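My numbering applies: residue 1 is where the sequence shown begins, and numbers increase by one.
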Amino acid sequence: MSSYKTSDGNYLTKDYIDYKVQETKELYTQTVAQSLHIDQDDIFCERCKISNRIATGVSRSHIMSVDYCQRSGCSELAFDIMNLEHLCLDCHREIESNTNEFRKSWYIFRMEHILKFNEIPDYKQFKENINV
Ligand SMILES: [Zn+2]
């Protein structure tokens with residue numbers, strides 16, 4: 001069984017990480033829907049604000065990929081609720097085209113700027129001002 005290092009030097013099994021990722025994804029959608037007073041099915045893309053049903057487009061995307069978190073010795077970030085975004089397919093593809101360094105910067109920026117889940121930081125503004 002493969003296991004991956006955490007920031008504090010412990011190891012987590014892949015099964016545990018995958019279980020926690022699923023749990024956190026569900027919690028993320030619940031939390032955002034509750035904060036915005038909308039139905040979970042009416043979740044929209046956090047970047048372009050396109051509303052869609054999760055089943056047909058908007059999905060819960062990792063800002064820093066699970067693979068990156070595992071490989072870089074911070075596997076607990078794979079199930080950090082702040083490492084998730086609801087994105088449509090186009091925005092999901094866009095984030096995957098960015099470097100890990102860029103994605104980490106967006107994660108940190110978002111952490112610092114998010115006060116409540118109904119105050120979503122502006123990705124466009126972030127992207128215009130970052131040099132990674
Ligand atoms: Zn989008």
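Ideal Cβ placement from N, Cα and C applies to all residues, glycine included. Computed from a prediction, not measured in an experiment: that's the story for all the values here.
Please identify the residue among the options whose C-alpha is closest to the C-alpha of residue i.
i	options	result
Y68	N98, V32, C48	N98
I108	C45, R93, I63, Q34	I63
V21	V32, H37, L84	L84
Q111	E128, M82, E101	The sequence shown places Met at residue 111, not Gln. Ranking E128, M82, E101 by Cα distance to M111 puts M82 first.
L12	D39, F102, V66, N100	V66
R47	I95, E23, H113	I95
E26	S35, Q40, L36	Q40
Flag this pair as yes or no: are the beta carbons of residue i and residue j separated by less than 8 Å?
i	j	result
H92	S51	no
G144	S7	What the structure shows of the chain is the stretch from 1 to 132, and residue 144 is not part of that stretch, so it cannot be assessed.
Q70	Y4	yes
Legend entry - Three-pair Cβ contact test at 8 Å for the segment 83–94 versus the segment 56–71: yes
Inset, instruction - Assess, as a yes-or-no matter, whether the segment 6–18 is touched by the segment 75–84 under the definition of 3 or more beta carbon pairs within less than 8 Å. - result: yes
Inset, instruction - List in chain order the residues whose CB is within less than 7 Å of at least one heavy atom of ligand 1. - result: With the cut-off at 7 Å, the residues found are C45, R47, C48, I50, L87, C88, D90, C91.
Legend entry - 3-residue-minimum beta strand (DSSP E) runs that sit fully inside the segment 10–76, ordered along the chain: 11–13, 59–62
Legend entry - Those runs of the alpha helix (DSSP H) which lie wholly inside the segment 77–108 and span at least 4 residues: The DSSP assignment places complete alpha helix (DSSP H) segments of no fewer than 4 residues inside the segment 77–108 at 89–96, in order along the chain.
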